[in-house]
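S.K.: Input: one structure, supplied below.
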Amino acid sequence: MSSDASGILRGSGHPGRNAYAELLRDTRGLRREQQQAREAWFARLAADKKDETLFELEILLKGVACFANPRNHPGAGRRQTIVSHDFREHLQHARDGMARVVQLTRAMLGDRDRAFVFQRYLETVLPEDTARTRLLHATMAQESPESSLFVLRHGFTNLIEVAGGLLRLQRVNFRLFYAHLATAMREIAQSTFFNPLHALEFRPEFDRIASTQVLELIHRVPGEQAHRLVALTFLALFRMLRYLRLLDAIALDHSDHRVAGRGYLVLAVLRSDARALSNYLRRRAGALLADSFERDLLRVPAGEIVARHDELAAEGHRLLSTKAALTGLAANLRLEMRRAFEHDLPPADALVSESEFRMRLRAVSHGLRPALQNAILFLGRSLGAKLEEGRVFDDQAARRATSDRLRRDVWMFAQIARAFASKARITGPAPDRWTGIASFAFVREFLSYFRAMGYPLLRVGDYPRVDAFVSAMTALEDSDLLDPQRLDAAIRECEAFFEFLMKLFEQISKREDLVGVPFDRKGAARALRLYLGERA
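Numbering (the numbering used here), first residue to last: 575 to 1110.
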């Protein structure tokens, strides 16, 4: 499955398009008649909790593809190569996830599942190959969502049987593990109505944003590419929050003991989508926004350039701010996912008990949820809107969780800013000491910390010296060698920002939703050590 999201943002260049509606409708690529058939089938579906059932089915299908990529497996980055690694436990998890896929297809097929059982019986008793071939061709047609589910049920039942045979081996190497999951991916890719194997794809059944505040903000964003980038980012962040709700449901479902198989497949999708969004925003947001501004600028008649200078300059600064917000969000998202997957989750081959795995799933969900919610609030603030937690999220505890996480992040970056200022002053202003690579390394590290954590706090905290701080950081970033004057300006801005952050920390602690909630200083220090060690 490709993680390249570039196709999502291709537009025709015509202004006034609704990127939000287009992303919901077009990212899967169903033809109009197929889309209508699927909508009619979904409306007729009488299954209990049909939204949750269909969502889990499609995420597990996508999870099979994502789990085939070891980069989506949890666990610290080990030096062991995949060639020498045993993937037997991984295959067991994949098989358990496939068994859940079959269970969900049976639930949605209802009484029609009996036809599958009868067909399986006929396949084993028909003596003639021609008769078996005719039966196979008859059942492979996918003219309706029901028949498409039937084909998936058939293919995954066979894959489970093959996996059972492979698991009798003492060792499963990566090539065997990948070959089996690649066969499953081919089954999914050939599904007419249930093929979610696209990076950052959205469905109207699952991904409609309920918050009118967010929808109004998306529609107000000027500029085609900026509008589409913002719509994509909001949709992706809300989709990731839904992944966390699914993980919570899996952890709390004690009727199914295949919790690890389901959990690891959903986690693989979460990691894959987060990486796809982060990489796209980091690599392409600036170029897309610049191209869009260039096209708009070239449409302005030469005689109007002088009269519209201030307006065009303001638009350029607004796009720079949007780019900084999106790339900062991408850096923070990458950091949060690495922390969760490399420190908080057990590796797929770890022999942990079912109860412990359920507990770890809940803990990861609890840790990532406020990070994603704060990312949504930060993006809104960066675009000039103050989003209210109660009107954006359906989680009643969202305000307390986001406030507590914001308080922790404020404290963490305050320590980073103070440490940078202290180290920079100790290093000294002698010109010959700025030229060494080692001397410049701590500056580059601080700039990476700023992009991932500092920039969001500038916006969320309404820092009055935003422009001065960003200008000082940009000046440092633009120089190949350390300039004493630029470094001194950055030190002064960091010291001022530290003072502001500590006051903000006290203000957040006095919020009504944090009354009686003490600050976990030890937990924050532990998170800071993980963060600094990861960036080193």
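Idealized CB from N, CA, C, for every residue including glycine.
What residue range is occupied by the uninterrupted alpha helix (DSSP H) comprising PRO875?
M.R.: No alpha helix (DSSP H) holds PRO875; DSSP gives it neither H nor E.
S.K.: In three-state terms, what does DSSP make of HIS664?
M.R.: helix
S.K.: Can at least three beta-carbon pairs, one atom from the region 843-853 and one from the region 809-819, be found at a separation below 8 Å?
M.R.: yes
S.K.: According to DSSP, is ILE783 helix, strand or coil?
M.R.: If DSSP states are grouped into helix, strand and coil, ILE783 belongs with coil.
S.K.: Work out the CA separation of ARG965 and TYR778 for me, nearest whole Å.
M.R.: The residue asked about is misnamed: residue 778 is Pro in this sequence, not Tyr. If you take the alpha carbons of PRO778 and ARG965, they lie about 20 Å apart.
S.K.: Which residues mark the beginning and the end of the alpha helix (DSSP H) in which SER829 is found?
M.R.: Neither: SER829 is in no alpha helix (DSSP H) and is coded neither H nor E.
S.K.: Note down the Cα distance separating HIS772 from ALA823, rounded to an integer number of angstroms.
M.R.: 24 Å
S.K.: When the Cα atoms are used, what is the spatial distance from VAL1040 to ALA756?
M.R.: Cα to Cα, VAL1040 sits roughly 49 Å from ALA756.
S.K.: With distances taken between CB atoms, is the gap from PHE748 to HIS667 smaller than 8 Å?
M.R.: No, they are not a contact pair.
S.K.: Using CA atoms only, rank isn't needed, just tell me which of ALA850, ALA975, ARG727 and HIS754 is closest to ILE1082.
M.R.: ALA975
S.K.: Take the Cβ of GLU790 as the centre, count every other Cβ of all protein chains shown within 10 Å, and call the residue buried at 16 or more, exposed below.
M.R.: exposed
S.K.: Drop a sphere of 10 angstroms on the beta-carbon of GLN610, count the other beta-carbons inside from all chains shown, and report buried for 16 or more, exposed for fewer.
M.R.: exposed
S.K.: Could you compute how far the alpha carbon of GLY1010 sits from the alpha carbon of VAL1017?
M.R.: Low confidence applies to GLY1010: its pLDDT is 47, below 50, so where it sits in the model is not reliable, and the reading given next is rough at best. Whole-angstrom Cα-Cα distance: 12 Å.
S.K.: Kindly indicate which three-state DSSP category ARG605 falls into: helix, strand or coil?
M.R.: coil
S.K.: Between ARG605 and LEU597, what straight-line distance do the alpha-carbon atoms span, to the nearest angstrom?
M.R.: 15 Å
S.K.: Please tell me whether LEU750 has its Cβ less than 8 Å away from any Cβ of chain D.
M.R.: Chain labels in this structure do not include chain D; a single protein chain is all it has.
S.K.: Can we say the region 892-902 touches the region 927-942, given the rule of at least three CB pairs closer than 8 Å?
M.R.: No: the two stretches stay apart, fewer than three of their Cβ pairs being nearer than 8 Å.
S.K.: Could you tell me whether the Cβ atoms of GLY1126 and GLU916 are closer together than 8 Å?
M.R.: Because the chain here runs from 575 to 1110, residue 1126 falls outside it and cannot be looked at.
S.K.: Rounded C-beta distance between MET1076 and ALA988? I'm assuming under 8 Å.
M.R.: 6 Å
S.K.: Within 10 angstroms of the Cβ of SER927, are there 16 or more other Cβ atoms? Answer buried if so, exposed if not.
M.R.: A residue is called buried when at least 16 other Cβ atoms come within 10 angstroms of its Cβ; SER927 does not meet this threshold and is exposed.
S.K.: According to DSSP, is MET911 part of a helix, a strand, or is it coil?
M.R.: MET911 falls in the helix class under three-state DSSP.
S.K.: In terms of residue numbering, what span does the alpha helix (DSSP H) encompassing THR976 cover?
M.R.: 972-1001 is the span of the alpha helix (DSSP H), which, as asked, contains THR976.
S.K.: For the structure I just gave you, are there three or more beta carbon pairs, one from the region 757-776 and one from the region 785-802, closer than 8 Å?
M.R.: no
S.K.: Hey, quick one: how far does the alpha helix (DSSP H) through VAL657 stretch, first residue to last?
M.R.: Per DSSP, VAL657 belongs to no alpha helix (DSSP H) and is neither H nor E.
S.K.: The alpha helix (DSSP H) with LEU1061 in it runs from where to where?
M.R.: 1058-1083
S.K.: Taking a contact to mean a Cβ-Cβ separation below 8 Å, would you say GLU632 touches PRO770 in this structure?
M.R.: yes
S.K.: Would you call the region 854-865 and the region 896-912 touching, i.e. three or more CB-CB distances under 8 Å?
M.R.: yes
S.K.: I need the straight-line Cα distance from PHE808 to ARG856, nearest angstrom please.
M.R.: 16 Å
S.K.: Does any heavy atom of the ligand NAP sit closer than 7 Å to the C-beta of GLY649?
M.R.: The ligand content of the structure shown is nil, which means the ligand NAP is not present either.
S.K.: Please classify GLY671: does DSSP put it in a helix, a strand, or coil?
M.R.: Annotated three-state conformation of GLY671 is helix, per DSSP.
S.K.: Measure the C-alpha to C-alpha separation of GLU607 and PRO644 and round it to an integer number of angstroms.
M.R.: Taking the CA atoms as reference points, GLU607 sits about 37 Å from PRO644.
S.K.: Unbroken alpha helix (DSSP H) runs of length 4 or more, entirely within the region 921-973: which are they?
M.R.: 928-956 and 963-966
S.K.: CB-CB under 8 Å to MET682, same chain, minus the five flanking residues each way: which ones, in chain order?
M.R.: LEU619, ALA621, LYS624, THR627, LEU628, LEU631 and LEU723
S.K.: In or out: LEU826 buried (at least 16 other Cβ within 10 Å) or exposed?
M.R.: Exposed is the call here.
S.K.: Within 10 angstroms of its Cβ, does ASN592 collect 16 or more other Cβ (buried), or is it exposed?
M.R.: exposed
S.K.: Taking only three categories from DSSP, how would you classify TYR838?
M.R.: helix
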